[in-house]
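In the working numbering, the protein residues as written are 72 to 348. What follows is one structure encoded as C-alpha cells, with my remarks underneath.
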C-alpha cells in the first residue's frame, strides 16, 4: 500500500570523521524523528544526484566538507537548480555555501566580523598583531588553517585572493546561534577557547540575538538551517567567525530535551512548508 507521507532524501556521510563531533549519531537520530512525518532515506553525497528524482525533497545534513566531493556537489547543484528540486538548505546561500568572500566584504562594509582581507597588500587594513590566521577561501572544517607571523605570510599566501588573512583574536569564548529559516532556535557556547566542540547551552542576551539576526537577514536562505558562529572578545563585543548556511552541525545531543524537541518540530514544519510551496 503506497505511503501518504512525502519522500525525503537525507544526504549525509555517516563515515566522515569530524574532529570533536559525531556526524553519524546526529543524523541517525535526526532520521528517526523525520520518519514520523516523511518516508526518509539516507544517502552519501556522491549518490545524491542519481537518487534525487525519486524524492519530493532533499535535505542536506552532515555531508562533510564539499571540497572533498566538489565535482559531485557541483553536478548535484546544477541538476537541482535546473529541475526545480526542493533542496533544504536552499542552494542560493551567500555565506559559506559560496565560499568565504563574504568575510572580506563584511570587513570592508564595517560589519562586526573578525577583520579579514584576501591580499597581502591589504594587511595594513588589519589591526596590528603578533600572529595571523590564514585559511583557504573555499575551505571548511579548519582544513588548511595555519597560524603564522607576519614574516611567514608571504611564504604561504600568494599574490592571488584564494586565502583569507585575519589577526589572531584573543577571545574569551565562542558561541553559536542556530536558526531555522529566519527564526532563532537555540544557542550553544564553548567556554574554553581551546576546546571548540566542548559546548554548553547558552542563554543569549537581546543584543546577542540582534547581532546574530543581522547576518541571517542579510543572507538569501529563506528555507534552511543556519548557524551563526561568533567569538566574544576581551572587550565584550561579538565578532562574526562564520555563517554556515549549507550543512551546519547542530550538536543536538547537547541541547536540552525540551528545546531539542521544539527544534525538531520546527524543522519538520519548515520542510512541510517547503513541500507545499
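Think of the CB as a built atom: it goes at the ideal place given N, C-alpha and C, for glycine as much as any other residue.
Under a three-way DSSP split, which group does residue i fall into?
i           : result
residue 99  : helix
residue 308 : coil
residue 77  : coil
residue 315 : strand
residue 284 : helix
residue 276 : coil
residue 331 : helix
residue 111 : strand
residue 188 : strand
residue 291 : coil
residue 72  : Because the pLDDT at residue 72 is just 48, under 50, the model does not fix this residue reliably, and the value given afterwards should be weighed accordingly. Residue state, collapsed to three classes: coil.
residue 233 : coil
residue 171 : coil
residue 125 : helix
residue 226 : helix
residue 209 : coil
residue 90  : coil
residue 321 : coil
residue 344 : helix
residue 197 : coil
residue 106 : coil
Between residue i and the rest of its own chain, which residues show a CB-CB distance below 8 Å, the 5 nearest in sequence each way excluded?
i           : result
residue 244 : 260, 261, 262, 263, 264, 302, 303
residue 186 : 178, 196, 197, 198, 237, 238
residue 290 : 164, 165, 166, 297, 314, 316
residue 183 : 282, 308, 309, 310, 311
residue 150 : 120, 123, 156
residue 216 : 204, 205, 206, 210
Does any CB atom of chain B fall closer than 8 Å to the CB of residue i?
i           : result
residue 133 : Of the protein chains in this structure there is only one, and it is not chain B.
In the DSSP output, which residue or residues are listed as bridge partners for residue i?
i           : result
residue 297 : 250
residue 144 : BP columns for residue 144 are empty, so no partner.
residue 258 : 248
residue 271 : 260
residue 203 : 219, 238
residue 159 : 130
residue 82  : 114, 131
residue 303 : 244, 309
In whole angstroms, what is the alpha-carbon distance linking residue i and residue j?
i           : j           : result
residue 114 : residue 275 : 35 Å
residue 251 : residue 295 : 6 Å
residue 203 : residue 211 : 18 Å
residue 299 : residue 312 : 8 Å
residue 208 : residue 194 : 16 Å
residue 121 : residue 147 : 8 Å
residue 136 : residue 318 : 9 Å
residue 221 : residue 214 : 21 Å
residue 105 : residue 144 : 23 Å
residue 277 : residue 226 : 43 Å
residue 266 : residue 305 : 18 Å
residue 52  : residue 161 : The shown model of the chain, from 72 to 348, leaves out residue 52, and the question about it has no answer.
residue 103 : residue 285 : 33 Å
residue 188 : residue 107 : 46 Å
residue 292 : residue 93  : 26 Å
residue 175 : residue 232 : 10 Å
residue 100 : residue 91  : 18 Å
Quick one: what's got a C-beta closer than 6 Å to residue i's C-beta in the same chain, skipping five residues either side?
i           : result
residue 333 : none
residue 248 : 258, 283, 299
residue 83  : 98, 113, 132, 133, 134
residue 335 : 104
Less than 8 Å between the beta carbons of residue i and residue j, yes or no?
i           : j           : result
residue 127 : residue 321 : no
residue 87  : residue 130 : no
residue 339 : residue 235 : no
residue 85  : residue 95  : yes
residue 257 : residue 326 : yes
residue 110 : residue 132 : no
residue 270 : residue 224 : no
residue 255 : residue 219 : no
residue 288 : residue 97  : no
Might you give, ordered along the chain, the residues of its own chain that have their beta carbon closer than 7 Å to the beta carbon of residue i, omitting 5 neighbours on each side?
i           : result
residue 140 : 116, 117
residue 341 : 251, 252, 294
residue 156 : 123, 129
residue 75  : none
residue 200 : 238, 239
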